[in-house]
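Here is the structure we will look at.
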Amino acid sequence: MSEEAKWYVVHTYSGYENKVASNLEKAIENQNLGEMIREVKVPTEKVVEIKDGKEREVERKIFPGYVLVKMVLNDRSWYIVRNVRGCTGFVGPSTKPIPLTEEEVKKLGVEVKTVKLSYKVGESVKIIDGPLANMVGTVTKIDTKNKTVEVTVSMFGRETPAELELGQIEPAV
Numbered sequence: 012m013s014e015e016a017k018w019y020v021v022h023t024y025s026g027y028e029n030k031v032a033s034n035l036e037k038a039i040e041n042q043n044l045g046e047m048i049r050e051v052k053v054p055t056e057k058v059v060e061i062k063d064g065k066e067r068e069v070e071r072k073i074f075p076g077y078v079l080v081k082m083v084l085n086d087r088s089w090y091i092v093r094n095v096r097g098c099t100g101f102v103g104p105s106t107k108p109i110p111l112t113e114e115e116v117k118k119l120g121v122e123v124k125t126v127k128l129s130y131k132v133g134e135s136v137k138i139i140d141g142p143l144a145n146m147v148g149t150v151t152k153i154d155t156k157n158k159t160v161e162v163t164v165s166m167f168g169r170e171t172p173a174e175l176e177l178g179q180i181e182p183a184v
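Going by my numbering, the first residue of the sequence shown is number 12, and it counts up by one from there.
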């Protein structure tokens with residue numbers, strides 16, 4: 012397939028998101044459409060609820076009534092998704108669904124990209140971007156979840172911690 016798969020938002024009956032997602036995955040498997048329809052997600056978040064004085068962690072849908080589908084849009088894939096039981100249609104004009112932009116996909120946290128780091132805690136690094144550019148420091152903490160790194164740099168004779176994004180530093184040579 013030469014076309015690139017993009018994320019689309021599918022509208023469903025509220026409360027049927029998981030059922031629509033599983034029905035869609037079955038349809039993909041049964042009709043061997045894994046190349047066209049790559050991924051189906053129901054965005055959720057973990058929330059701590061306090062009920063009757065007890066805390067418990069529950070999973071809550073971020074967008075009730077919506078399912079995200081990563082697919083190559085063509086007549087067949089559109090027809091399959093559109094005709095899954097519980098699906099009311101794509102978000103966008105009825106004639107042509109509109110894919111999510113890269114920025115929207117990043118904000119939604121739909122695709123988690125793994126970052127391969129070429130440095131670790133205790134190593135010297137060079138800051139390549141931002142107000143501390145060209146300074147050398149030592150990595151004290153790496154937070155891959157938030158994509159940040161804490162680096163201690165020597166400024167005015169004192170060790171000063173600075174929180175930077177992972178892409179703002181590189182190993183010192």
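C-beta: ideal position from N, C-alpha, C; glycine also.
Could you name the residues of the same chain whose beta carbon sits closer than 6 Å to that of residue i, not counting the 5 residues immediately before and after it, in chain order?
i: N34; result: V95, R96
i: K17; result: P110
i: K137; result: V147, E181, A183
i: I91; result: A38
Using only alpha-carbon positions, find the residue among the options that is nearest to residue i.
i: D154; options: R169, Y130, E66; result: Y130
i: V102; options: K81, I91, Y77; result: Y77
i: I139; options: E114, I61, V184; result: V184
i: L84; options: E56, K137, E68, L44; result: L44
i: K37; options: Y24, V51, G26, T106; result: V51
i: K57; options: K65, M47, V69, R49; result: V69
i: N23; options: W89, R49, I39, R93; result: Residue 23 is actually Thr in this sequence, not Asn. Here the closest residue by C-alpha is R93.
i: V164; options: G178, S135, C98; result: S135
i: V132; options: K118, S88, V160, G64; result: V160
i: M82; options: E14, K152, R169; result: E14
i: D86; options: R67, L119, K107; result: K107
i: W89; options: R169, Y19, G168; result: Y19
i: L119; options: R169, F167, N145, I73; result: I73
i: K30; options: I61, F167, C98, V116; result: C98
Would you kindly report the start and end of the unbroken beta strand (DSSP E) that includes residue i?
i: Y19; result: 17 to 23
i: E134; result: Here E134 belongs to no beta strand (DSSP E), and DSSP marks it neither H nor E.
i: K52; result: 48 to 52
i: L175; result: 169 to 176
i: G45; result: Looking at the DSSP string, G45 is not in any beta strand (DSSP E), and its letter there is neither H nor E.
i: I180; result: 180 to 182
i: L79; result: 77 to 82
i: K57; result: 55 to 62
i: M166; result: 159 to 166
i: K107; result: Premise fails: K107 is in no beta strand (DSSP E) and is neither H nor E.
May I ask which residues mark the beginning and end of the alpha helix (DSSP H) holding residue i?
i: D86; result: 86 to 93
i: K30; result: 28 to 41
i: L119; result: 113 to 119
Go through its chain and collect everything with a Cβ distance to residue i's Cβ below 8 Å, but skip five positions before and after it.
i: P75; result: S25, G26, E28
i: A32; result: V51, K52, V53, V78
i: Q42; result: I91
i: E170; result: T163, V164
i: D63; result: none
Please work out which residues of its chain come closer than 7 Å, Cβ to Cβ, to residue i, disregarding the five sequence neighbours upstream and downstream, and give them in chain order.
i: R71; result: T55, E56, V58
i: I39; result: G45, I48
i: Q179; result: I138, I139, D140, G141
Assuming residue i contacts residue j (C-beta within less than 8 Å), just tell me the rounded distance between them.
i: E176; j: K158; result: 6 Å
i: L143; j: A173; result: 6 Å
i: V150; j: V80; result: Going by Cβ atoms, the distance from V150 to V80 rounds to 39 Å, so no, they are not a contact pair.
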